[in-house]
Amino acid sequence: MTYSEVHWRLLLVDDDEDDFIITRDLLRDAQQAQIQLDWCSDFQEALATMGRQEHDVYLVDYRLGAESGLDLIDQAIQAGITRPIILLTGQGNEQLDASAIELGAADYLVKGQLDCQQLLRSIRYAIDRNLATTRLAESESRYRLLFEANPEPMWVFAKQGLQFLAVNQAASQFFGYSQQEFLAMTVLDIQSEEEKTRFLQFFESLICNQIVDPAVGVWAYRHKQGHLVFADVLIHDFEFDNQPCCLILAIDITEKQAARELAHQREQAFRKLLNDNRDPLLVISGDRRICYANPAAQKLLKLNLEQLESQSLDLPLLSDKLTEWALTLPDGSVAEVEIHRSETDWEGQPADLLSLRDIAERKASEQQLRLLKESLEASFNGVVIVDAIEPDMPVIYVNPAFERITGYSEAEMLGRNCRILQGNERDSLQIEEIHRGLSQAENVHVVIRNFRKDGQPFWNDLYISPIFNAQGNVTHFIGVQNDITEQKRYEEELSFSASHDVLTGLPNRAVLEDRLRQGCKMALRQKHSLAILFIDLDGFKLINDSIGHRSGDLLLVEVAQRMCEQVRAGDTVARIGGDEFIILLVDLKLENDVISIADRLLASVARPYHIQGIYLHVTASMGITLSDGDIEQPTQLIQQADLAMYKAKQEGRNNYQWYTNDLNLRLRERVHLRNELQKAIETEAFELYFQPKIEGCSGQVIGLEALLRWQHPQMGFISPATFVPIAEDTGQIIPLSQWVLETACRQLRDLLQQGIAAPSVAVNISTVQFRRINFVKSVQSALQKYQLKSEHLEIEITENVLFDNTEKAIEKLQRLKELGVNISIDDFGTGFSSLSYLKELPIDTVKIDRSFVQEINTDSRDAAITQGIISMAHHLRLNVVAEGVETEQQFKFLQQSNCDQYQGYYFAKPMPFEALKQYLMDEAARELP
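Using this note's numbering, the letters of the sequence shown correspond one by one to residues -12 to 916.
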């Protein structure tokens, strides 16, 4: 319909005349439409006018004075007015829109957004829908008559709750229920138990609008009497009594279904016979197409039946005999099959029934046998097979590796027994194990010494296994052998290396401790004694570093030989590392036996050595401990001898000392002090004292030395001479030295920040700290951290830092000098550094040790050494500091000897930081004019 055909009469219900005028003018724009617009402003008048239904559409404003347009719509609908109503409002509101539609309004329009076309469309839509609704109501009675008269079962059920709403007479007869009974049931009541789940899934899809085809297939229903009935079902969505419903048309196919089920059962039985057949079966048509393939055939051909029906196979011209064929499969692969052909009839047409047997496994077995034989021929291991049934178990096969290992050819071995490989050895445990395995038909594994044809022995790693026939009887034995002679030799060498020192060939610590445990048991049983001698070479490290490790190794080998010559056959000489040896003396009856051996050992070690053209001299320090074997931990004897050895070192070396209980006490004290030292490091329970260095000419303070002090809360003052050696042995010196360096730098910075004129500070660096890779970097970091100039810091080292790798030590000193740090050698004259290196050292100062200064006025030798050090240092342009100056006489002698600087109690004692500040301020005030 076009707008030129429109003849509408409209009623506008609005309490505002201006809105009427606007709406009238808006409709005049529809020039081709013939529209009459009436107006009513009163609620009751409008309701009465609408009740006469003289208009095509009612346009109702939302606001009608004290009344609401929604109230008017509600009352009009309840009054039976069927003409369409459109609600008009001044502004959009989704909730209002929903309320209007729910009450029965045809549309909802916002006046401020209206144009002519939009209004016309809404009116036309309302009229068209109203007309359709009217026609539907008129046709409903006609459809109800058709529904009741239809000979096929029909019913209507509600989507919400699935209740029956209507059923025709045919449905009542089909199910056996009356129409009244149906109205009290749901559709689930007629579903068979097997179909309920299917129906609920189908109905869920229907609700989700996923079913587009009304034909929904065959369904099984439960008759009132309990038996199943079948129907081919069509379903339609529609509204019935203003609620969403489904209309079902069911065609009774119960008898047809029964016949179909019988045919299906017969077909299934036939197909089951084919499908259950383990051999692949194919039905081939006359044009060589596949009509049928059972599961075994589908598996063989790697395609399902649907795929196979479009394929043709590369088959030979077949007779009724068995045929082997390499069948090319559709995917290009090849299957080895055995084919049997017979003629058959398939769906009324002649066809061939092919029975296929996959012979791939048989072919693979044949191939495996060939590969096995070739593998045996190529194997690196020797293989021999003997006949277990024939007398004396003759050899029936040997492979080439067996010939190579034993030297016997296959011809020489066939028919003979393998015992010819055993030579004259007949009583070994391994041979007994072989006989046992052969007699009991069990697997055997032995490592046995056999002999080659030429008589040379070899170690044979031999496996023997029985071979059984189908009846479980042993028919053969197979032996696999491997020549492990080289492996055994390597294992022996490895075992020796694991228990002996590689350099000297002496037993190592593990062997020594094992023999010590055995020796303690024997001493306790026989009431004899044993002794442990712990030996450390004197001066070996210096020799090793000065003439090289190769010479040092040769020296150790000769020392080991000399020691072995001085002990008895049952004693043990062991090297436990470096230049340390331990000797275990067993079966001692008298203490003098130990003394005589110890004297011989010291004398033997002290004799000169001629190593690579150089005569060398070393001595030994020895610690001895005796035991009757009654000790819970035998290795404690080694610790005791070690303690005694250290006492021998302290007693001047080249002697022996006996272990006593006081040595053990000292050890416990040392362990306790080490633990307390660790706590002190962790809590920084140390303090720095500072001792001034005095310039000789002016008497001014020109430097400070930072000295470490430890005041223990229980043990009192502990001298650095006591705890520093322990710290160096345990590695605790590393964090301790770093603390000293950083604390000295921090306190010097504090002096400078407080305006106190502070000289440079000297920090003693241990040998362990100096040798660390990052030592120079740690010095640089401390200077940067506390914002000090490099000339503020002086590093004091001893000559010992040059002992290990002098070149590296000099290189590290050069890097310190590049930072601008001053370097001095402390305790000069007490070490063993070469004077040839002295001129190469990048140092600024040498410090004369207090041991020379102490007797300088009474001992001419100390005086001469002191003057010599001063003269030599000045010639090398080095500054000289004398330590330990305590008297005026010492000072005057040093001053007359041209010493540059002084340090000692005569000038100032070491003082804590707070006292130092006052001291420096007093010195500064004294220098003022």
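Beta carbons: idealized from backbone N, C-alpha and C, even for Gly.
Close beta carbons around residue i, own chain, < 7 angstroms, minus the five adjacent residues each side
i    : result
L170 : F151
I177 : F162, Y208, R209
C27  : L(-2), V0, A33, T36
A87  : L57, I60, L74, Y95
E667 : It should be pointed out that residue 667 corresponds to Ala in this sequence rather than to Glu. For A667, where only same-chain residues beyond five positions count, the Cβ hits under 7 angstroms are F673, W697.
I376 : T462
T874 : Y893
G79  : V97
Buried versus exposed call for residue i [16 or more other C-beta atoms within 10 Å across all chains shown]
i     : result
R502  : buried
Q100  : exposed
L907  : buried
Y477  : exposed
R562  : buried
F367  : exposed
V0    : buried
C195  : exposed
Q230  : exposed
W(-5) : buried
D263  : exposed
P925  : As displayed, the chain neither begins before -12 nor continues past 916, which places residue 925 out of reach and without an answer.
H779  : buried
H659  : exposed
S415  : exposed
M141  : buried
Candidates the options: closest to residue i by CA position
i    : options                : result
I689 : C232, K680, L261       : K680
N761 : N751, R276, L803, G742 : L803
T331 : V433, L341, E325       : L341
A912 : I857, H862, A744, C886 : A744
G683 : K879, R436, L695, G742 : K879
V788 : S768, L825, S777, S765 : L825
A398 : N291, N386, R406, Q409 : N386
D2   : D48, I534, L14         : D48
G526 : R116, E479, I534       : I534
I940 : D318, V205, F445, I376 : Because the chain here runs from -12 to 916, residue 940 falls outside it and cannot be looked at.
D16  : N751, I797, C103       : C103
I725 : V371, S777, L675, P595 : The residue you asked about is not Ile; residue 725 is Gln in the sequence shown. If we check each option's Cα against that of Q725, L675 comes out closest.
Y646 : Q637, D629, E638       : D629
D448 : G442, V431, Q468       : Q468
Q678 : Q627, P378, L14, Q888  : Q888
V143 : D224, D84, R116, Y450  : D224
Neighbourhood of residue i by C-beta, 8 angstroms cutoff - its chain only, sequence neighbours within 5 removed
i    : result
A635 : S608, M609, G610, N642, Y643, Q644
E296 : R276, I277, C278
G204 : D219, V220
A388 : S366, F367, N368, G369, V370
Chain-order list of residues whose beta-carbon lies under 6 angstroms from that of residue i (same chain, five-residue window excluded)
i    : result
F704 : Q698
F819 : Here the model assigns F819 a pLDDT of 48, short of 50, so the residue's position is not dependable, and the following value carries that caveat. Here the set comprises nothing.
V216 : Y208, H210, T241
L51  : D2, F30
T918 : Past the edges of the chain, shown from -12 to 916, lies residue 918, and the structure says nothing about it.
E54  : F30
P282 : N262
L738 : A745
Is it true that the stretch 895 to 905 meets the stretch 868 to 877, where meeting means three or more beta-carbon pairs spaced less than 8 angstroms apart? no
Length at least 4, wholly inside the stretch 408 to 462: the alpha helix (DSSP H) runs in chain order: 416 to 427
Decide yes or no for the touch test of the stretch 449 to 465 against the stretch 487 to 499: beta carbon pairs closer than 8 angstroms, at least 3 of them. no
Taking the runs of the beta strand (DSSP E) that are 3 residues or longer, which of them lie wholly in the stretch 334 to 366? 336 to 345
Inspect the CB distances between the stretch 792 to 812 and the stretch 844 to 856 and report whether three or more fall short of 8 angstroms. no
Going residue by residue through the stretch 858 to 898, where are the continuous alpha helix (DSSP H) segments of at least 4 residues, counting only ones entirely within it? 875 to 883
Would you mind listing the alpha helix (DSSP H) stretches within the stretch 170 to 219 that are 4+ residues and don't spill past its ends, in chain order? 180 to 194
Between the stretch 410 to 419 and the stretch 430 to 448, do three or more beta carbon pairs fall short of 8 angstroms? yes
Can you find at least 3 beta carbon pairs, one from the stretch 534 to 549 and one from the stretch 467 to 483, that sit closer than 8 angstroms? no
4 or more residues per run - each alpha helix (DSSP H) lying fully within the stretch 735 to 780: 754 to 758, 762 to 772
Quick one: any contact between the stretch 569 to 577 and the stretch 510 to 523, if contact means 3 or more CB pairs under 8 angstroms? yes
Please give me, in chain order, every unbroken run of the beta strand (DSSP E) with length at least 3 that falls completely inside the stretch 532 to 568. 559 to 564
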